[in-house]
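Okay, so here's the structure we're looking at.
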Amino acid sequence: MRTLNQARCREARLVIQSGPVYMLAIARRGMTQIEQEAIASAALPPTHKLSSDRAALLRELGFGKRGGGRRNWRREHGRDENSVERGAVEIVDVLTRVYGVEEHAEVRIELIEDDIDHPENPELIAAMRKVAKGWDES
Numbered sequence: 001m002r003t004l005n006q007a008r009c010r011e012a013r014l015v016i017q018s019g020p021v022y023m024l025a026i027a028r029r030g031m032t033q034i035e036q037e038a039i040a041s042a043a044l045p046p047t048h049k050l051s052s053d054r055a056a057l058l059r060e061l062g063f064g065k066r067g068g069g070r071r072n073w074r075r076e077h078g079r080d081e082n083s084v085e086r087g088a089v090e091i092v093d094v095l096t097r098v099y100g101v102e103e104h105a106e107v108r109i110e111l112i113e114d115d116i117d118h119p120e121n122p123e124l125i126a127a128m129r130k131v132a133k134g135w136d137e138s
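Number 23 in my numbering belongs to position 23 of the sequence shown; there are no gaps in the numbering.
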């Protein structure tokens with residue numbers, strides 16, 4: 001998490017994955033927060049679906065869903081040293097208590113540094129999808 005926080009690229013993503021379960025931590029240049037993302041139950045195989053109690057635990061830890069549905073759980077925390085440390089500890093907590101990743105399970109960690117600008121505008125993307133669905137190629 002410290003390496004992620006200190007990355008100098010436009011966007012750095014830390015991927016933490018065990019089997020079908022993954023979490024992301026995303027740091028963007030110029031932003032004061034690190035975004036954390038936890039996989040949505042809808043994207044998991046039946047054996048890994050979240051119970052309502054486990055989803056409630058994610059909410060207790062500050063995760064929410066923008067737009068609901070199949071979207072991943074998200075939250076933000078600060079980039080100061082204490083927040084970064086707490087964020088790392090809480091990722092381990094979420095993986096074990098929420099998703100049931102066992103203590104000695106194989107975990108893959110990858111830091112992806114990206115200097116390409118990826119504009120995020122959900123309203124524009126939704127409008128483009130709506131237009132694309134109604135597109136008549138004749």
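Even for Gly, the Cβ is constructed at its ideal location relative to N, Cα and C.
Here the structure is a predicted model, which is why all the values come from computation and not from measurement.
Residue range E81 to D93 is occupied by the alpha helix (DSSP H) that includes V92. Annotation: the continuous beta strand (DSSP E) that includes A27 extends over V21 to R28. Listed as beta-bridge partners of Q36 by DSSP are A25 and R75. Apart from sequence neighbours up to five positions away, no residue of its chain approaches A55 with a beta-carbon distance below 6 Å. According to DSSP, I112 shares a beta bridge with R13.
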